[in-house]
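Each residue of the sequence shown is one higher than the one before, starting from 10 at the first, in our numbering.
All C-beta atoms, glycine included, are put in the ideal place defined by N, C-alpha and C.
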Amino acid sequence: LNRLTRKKHGVPAQPRKFFDKLFDNMVSKGTSYILLAYDGDDAVAGGFFSRFKDRIYYKYNASDPDYLDRTKRTPNHLLTWVCIQRACKAGYRYFDFGRTSPDNIGLMRYKEMWGAQPISLPYYYYPHAMGAASKEGNGLSYKVMTTVWRSLPDSVVEFIEPKIYKHMA
């Protein structure tokens, strides 16, 4: 699901090893958890949530774009709602939707739909950062990179993704 979502957005997915380490160091220790939404036997969306003090952090979300298009259902809304309910019942005071580029209008709208209040939290790089992580989401080079990534065959993505991801951040 993560690879499908990231490809839809035109960016490489985190390697499997990254999520294995999150599981080993956070989920298995109870500081984070994963919620999945199913349609029958098929997982169609998933979310990764972390707990710290009085907050729940919504860190990662992924869904099957074909399922979303085909059914017009919104399993990500269900995951968010279930997580907020659980957080309230468990006594958490804050639900943090996390950082989003202001250029990502769809994700900003999703978070605001739930009542999230945006605050400015700019990135500063010292020394000056180079590479894809420092590119603006509305810049020409970023748009070219994401368009190319979306058009790559899945077999090419699966081959090169683990090799280039470490150079993306």
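- Exclusion of the five residues before and after Tyr174 leaves Pro21, Gln23, Pro24 as the residues of its chain whose Cβ lies within less than 7 Å of its Cβ.
- Distance from Gly107 to Tyr66 at the Cβ level is roughly 6 Å; contact confirmed, criterion being Cβ atoms closer than 8 Å.
- Assigned with DSSP and collapsed to three states, Arg64 falls in strand.
- Shown here for Tyr76: same chain residues with a beta carbon closer than 6 Å to its own, the five before and five after excluded, namely Val53 in chain order.
- In the three-state DSSP reduction, Tyr101 falls in the coil class, being neither helix nor strand.
- For Leu130, there is no enclosing alpha helix (DSSP H), as DSSP gives it neither H nor E.
- Here DSSP, grouped into helix, strand and coil, assigns Asp50 to coil.
- Asn113 and Pro136 have their C-alpha atoms spaced approximately 26 Å apart.
- Going by DSSP, Phe168 is part of the alpha helix (DSSP H) stretching over 163-173.
- Distance from the CA of Ile169 to the CA of Trp158, rounded to the nearest whole angstrom, comes to 11 Å.
- The alpha carbon of Gln126 has as its nearest neighbour, out of Tyr134, Thr109, Leu149, Gly100, the alpha carbon of Thr109.
- From the listed residues Leu10, Asn11, Lys17, Leu13, the smallest Cα separation to Met154 is found for Lys17.
- With a cutoff of 8 Å on beta-carbon distance, Tyr69 and Gly56 are scored as near each other.
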